[in-house]
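Numbering (this note's numbering), first residue to last: 282 to 593. Virtual Cβ for every residue (Gly too), placed ideally from N, Cα, C. This report concerns only the one structure given below.
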């Protein structure tokens, strides 16, 4: 029975530690052997941090990031930041783990986590319930539970007197020197210019298509005198005539007998559209010469009779 009661007591202590207001989501799993908590930690880091110029974190300042399906947008600068909201705190469960900006989290340092401020940033936190104030250095991202504005370390929550209740209504004011992210600001300025150029671009005007209706009365042909055919048409007609004449001459030449012993006549090639007609005339002359030679030639029988008569 005593053993069972001891087990229940340990379970309640563990549950209370887990729900002690912690709401920051770690980026890396907790080490098997976290650094031990000693009194030297509290004495060495009891003084408030002094705001100073520090370079922006390389890993903790993305343009946007998503946690639990919700997208968060990082601010370009901390200048002018002032907000009232609910503050919570986190401690032993995240002690020794890596923060979003890089260093390991120490629950005894005066640090905090914020969802959108550039890392690192120095802020002054005022507990509106009791008036206590403290300066902390924002080095991590969070809290991601509900609408909480800031997550304080164990030491910072102790200074503000909010350890027992876990949360408190606070005012957060960014301190100078303010943090500025020039690369992030340049990217967003370029995106704004591109968006403005697209918005100023005139939209294309879509005009309705013109509809043409048929006429009630058909159009009458004009009574103009027919003009002369163009030169290309005349040339085509002349070529057709020459081609027909050449075909007729070729037919006559094919029907006439051919004398292989007849002297050949040479004709000079004439360039131009009348070349076919020239060939036709040369062929006609050859036919005439052949016919005249036939008239001049006598049959053998008649020549033999003439020779016999002369002998007698």
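**Message:** Just to confirm my understanding: we take residue 334, look at its own chain, exclude 5 residues before and 5 after, and list those with CB closer than 8 Å. What are they?
**Reply:** Excluding positions up to five away in sequence, the list reads 458.
**Asked** According to the neighbour-count rule (16 or more other Cβ atoms, all chains shown, within 10 Å of its Cβ), is residue 440 buried or exposed?
**Response** With 16 or more other Cβ atoms within 10 Å, it is buried.
**Message:** Give me, in chain order, the residues of the same chain whose beta-carbon lies closer than 6 Å to that of residue 460; leave out the 5 immediate sequence neighbours on both sides.
**Reply:** Closer than 6 Å at Cβ, skipping near neighbours: 359, 399 and 402.
**Asked** Under a three-way DSSP split, which group does residue 559 fall into?
**Response** Residue state for residue 559 is assigned as helix, using DSSP reduced to three classes.
**Asked** Nearest CA to the CA of residue 454: which residue from 354, 404 and 382?
**Response** It is 404.
**Item:** Sub-8 Å separation of residue 368 and residue 451 beta-carbons
**Value:** Closer than 8 Å, so yes.
**Item:** Beta-carbon proximity check, residue 396 vs residue 378, cutoff 8 Å
**Value:** Contact flag unset, no.
**Nearest-angstrom Cα separation, counted from residue 415 out to residue 332** = Our two residues, residue 332 and residue 415, have alpha carbons roughly 12 Å apart in a direct line.
**Message:** When you compare the CB positions of residue 465 and residue 347, do they come within less than 8 Å of one another, or not?
**Reply:** At least 8 Å separates the beta-carbon of residue 465 from that of residue 347.
**Message:** Going by beta-carbon coordinates alone, are residue 443 and residue 449 separated by less than 8 Å?
**Reply:** Their beta carbons are under 8 Å apart, which means residue 443 touches residue 449 by this criterion.
**Prompt:** CA-CA distance, residue 363 and residue 471?
**Reply:** Their backbone Cα atoms lie some 27 Å apart in a straight line.
**Request:** Classify residue 455 as helix, strand or coil using the three-state DSSP reduction.
**Result:** Note: residue 455 maps to strand in three-state DSSP.
**Prompt:** Closest Cβ-Cβ distance between residue 457 and chain D: below 8 Å?
**Reply:** Absence of chain D from the displayed structure is noted, only one protein chain being present.
**Prompt:** Between residue 338 and residue 372, which are expected to be in contact by the criterion C-beta below 8 Å, what is the C-beta distance as a whole number of angstroms?
**Reply:** About 22 Å separates the CB atoms of residue 338 and residue 372; that is not less than 8 Å, and the two are not in contact.
**Asked** Skipping 5 residues on each side, what residues in its chain have a beta carbon closer than 7 Å to that of residue 329?
**Response** Here the set comprises 391, 415 and 416.
**Message:** For a quick check, are the C-beta atoms of residue 523 and residue 558 less than 8 Å apart?
**Reply:** Taking 8 Å as the cut-off, the Cβ atoms of residue 523 and residue 558 count as close.
**Request:** Within the same chain, show all residues whose beta-carbon is closer than 8 Å to that of residue 340, passing over the 5 residues directly before and after it, in chain order.
**Result:** Around residue 340: 381, 382 and 383.
**Message:** Just to confirm my understanding: we take residue 345, look at its own chain, exclude 5 residues before and 5 after, and list those with CB closer than 8 Å. What are they?
**Reply:** If we look at residue 345 and ignore the five residues flanking it on each side, its Cβ neighbours are 352, 353, 354 and 355.
**Request:** Leaving out five residues on either side along the sequence, give the residues of the same chain with a beta carbon under 8 Å from the beta carbon of residue 343.
**Result:** Excluding positions up to five away in sequence, the list reads 355.
**Local Cβ density within 10 Å of residue 409, reported as buried at 16 or more and exposed below that** = With fewer than 16 Cβ atoms within 10 Å of its Cβ, residue 409 is classed as exposed.
**Prompt:** What's the gap between the Cα of residue 476 and the Cα of residue 438?
**Reply:** Taking the straight line joining both Cα atoms gives about 43 Å.
**Request:** Please report how far the alpha carbon of residue 365 lies from the alpha carbon of residue 430, in whole angstroms.
**Result:** Each residue's alpha carbon lies about 8 Å from the other.
**Local conformation of residue 387 per DSSP, three classes** = Here residue 387 sits in coil by DSSP.
**Asked** Grouping DSSP H, G and I as helix and E and B as strand, with all else coil, what is residue 569?
**Response** In the structure shown, residue 569 sits in a helix (DSSP, three-state: H, G or I).
**Message:** Using C-beta distances below 8 Å, list every residue in its chain close to residue 393, excluding the 5 sequence neighbours before and after it, in chain order.
**Reply:** 404, 406, 417, 418, 419, 420, 421, 431, 432, 433, 434 and 437, listed in sequence order.
**Prompt:** Less than 7 Å between the CB of residue 370 and some heavy atom of the ligand ATP, yes or no?
**Reply:** Looking for the ligand ATP in the displayed structure turns up nothing, as the structure carries no ligands at all.
**Item:** First through last residue of the alpha helix (DSSP H) which encompasses residue 333
**Value:** In the DSSP annotation of this structure, residue 333 is not part of any alpha helix (DSSP H), being labelled neither H nor E.
**Request:** Using the Cα positions of residue 530 and residue 556, report the straight-line distance between them to the nearest angstrom.
**Result:** Going from the Cα of residue 530 to the Cα of residue 556 covers about 13 Å.
**Prompt:** Does DSSP put residue 597 in a helix, in a strand, or in coil?
**Reply:** Given a span of 282 to 593 for the chain in the structure shown, any question on residue 597 remains unanswerable.
**Request:** Classify residue 533 as buried or exposed, calling it buried when 16 or more other Cβ atoms lie within 10 Å of its own Cβ.
**Result:** Residue 533 comes out exposed.
**Prompt:** Which first and last residues belong to the beta strand (DSSP E) in which residue 430 is found?
**Reply:** Looking at the DSSP string, residue 430 is not in any beta strand (DSSP E), and its letter there is neither H nor E.
**Item:** Classification of residue 428 by the beta-carbon crowding that lies within 10 angstroms, buried from 16 upward
**Value:** Counting Cβ neighbours within 10 Å, residue 428 comes out exposed, since fewer than 16 surround it.
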